Ligand code: UDP
Ligand code: MN
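Now the structure itself:
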């Protein structure tokens, strides 16, 4: 009898412990759900407040940005252009003007454009850099500049295209658009193009560029009123515009108003930016972007040339690792 009572008490105690355990367990897992939810709310809020996720959704409209990319055949070319094409896919108001340093367009670039779905907002041009162009004077400091022929070809195409566009509108006034020189090896944030989209008619926009000119960042220096006073450059600071090609973009009406503005073989190394900009603006009139030039949204990265010793050995015996493959 006593034993039976003890057994029942034992059962009751065990059941109570199980119920209490289940109760607390359900409470704690409920809290987990709640915290999971609030965590995702925090994430959503963070995205909404910043430019985070929106910047990566291809749904933004804005003035057309003609992104001019000189490019030339070498082992890393497809890798570079693939990186670039992915940025461009994410920024729907970019029109890609790709200019090959060659005597004709290549299937590699054609394939890349069609595979990335950018055929409708790109043009594939070519302009070969002359091998024996003559520089004026024999200054030993004058080196071969890169991308001159290609950028000028792009400018010619853009000017023609803009004029035709304006005539098509039955209007002498061209629609607002921008031109940016987008080399194939740099690293670009999609946010940069939101900044470029803010450039006003008649203006050249400027912003910092990371990892260039021997500095962590080269940037415009602003005065208290937010006007561009100059630049912090350490390399050839005496240049009229001591900044990198990746650090500015131009309102296209300036290019039509100043048809002589272009790049030149006849300037000292490092003076290409100054060469085009001297026709278009003065430092004071430039439009500072990227949070008053405090944010870095583009980096002047350079890709290491890959070592292909084994490939060269293969080639000597008439073979190649990429036979029939585009790399
Ligand atoms: N480029 C070219 N032909 C050349 C060398 C360079 O079209 O013979 C292009 C290159 O693909 C890049 C731009 O010109 O888009 C600037 O060249 P690079 O990046 O080598 O110059 P850097 O980084 O030294 O300013
Ligand atoms: Mn480069």
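Residue numbers (the numbering used here): 15 to 341.
Backbone N, C-alpha and C fix where the C-beta goes; we use that ideal spot for every residue, glycine too.
It should be emphasised that the depicted structure is a prediction, and the values quoted were computed from it without experimental measurement.
Three-state secondary structure (DSSP) of residue i
i, result
"residue 276", "coil"
"residue 216", "coil"
"residue 172", "helix"
"residue 76", "coil"
"residue 322", "coil"
"residue 229", "strand"
"residue 95", "helix"
"residue 81", "strand"
"residue 102", "helix"
"residue 122", "helix"
"residue 90", "coil"
Residue of the options minimising C-alpha distance to residue i
i, options, result
"residue 312", "257, 334, 288", "257"
"residue 194", "187, 166, 177", "166"
"residue 306", "243, 314, 109, 216", "243"
"residue 127", "266, 341, 323, 111", "111"
"residue 227", "241, 289, 213, 247", "247"
"residue 310", "143, 225, 180", "225"
"residue 308", "143, 82, 234", "234"
"residue 96", "284, 117, 197", "197"
Residue-chain proximity (residue i, chain B), Cβ-Cβ < 8 angstroms
i, result
"residue 83", "You won't find chain B in this structure, because it holds only one protein chain."
Distance between beta carbons of residue j and residue i, contact taken as under 8 angstroms
i, j, result
"residue 184", "residue 221", "With 8 angstroms as the limit, residue 184 and residue 221 do not qualify as a contact, their Cβ atoms being about 36 angstroms apart."
"residue 93", "residue 139", "Incorrect: roughly 21 angstroms between the Cβ atoms, too far for contact."
"residue 255", "residue 282", "That belief does not hold up - the Cβ atoms of residue 255 and residue 282 are roughly 13 angstroms apart, past 8 angstroms."
"residue 231", "residue 223", "7 angstroms"
"residue 90", "residue 277", "24 angstroms between Cβ atoms; not a contact."
"residue 99", "residue 132", "6 angstroms"
Chain-order list of residues whose beta-carbon lies under 8 angstroms from that of residue i (same chain, five-residue window excluded)
i, result
"residue 79", "105, 107, 108, 109, 191, 192, 193, 194, 207, 210, 211, 263"
"residue 176", "188, 191, 266, 269, 270"
"residue 215", "190, 265, 267"
"residue 237", "243"
Residues near residue i by beta carbon distance below 7 angstroms, same chain, minus five either side
i, result
"residue 164", "84, 113, 115, 141"
"residue 101", "202, 204"
"residue 200", "260, 312, 313, 314, 315"
"residue 292", "254"
"residue 285", "253"
6 angstroms Cβ shell around residue i - same chain, five flanking residues per side excluded
i, result
"residue 137", "111"
"residue 249", "227, 228"
For review: beta carbons within less than 5 angstroms of any heavy atom in the ligand MN:
Residues flagged by the Cβ proximity filter: 197, 199.
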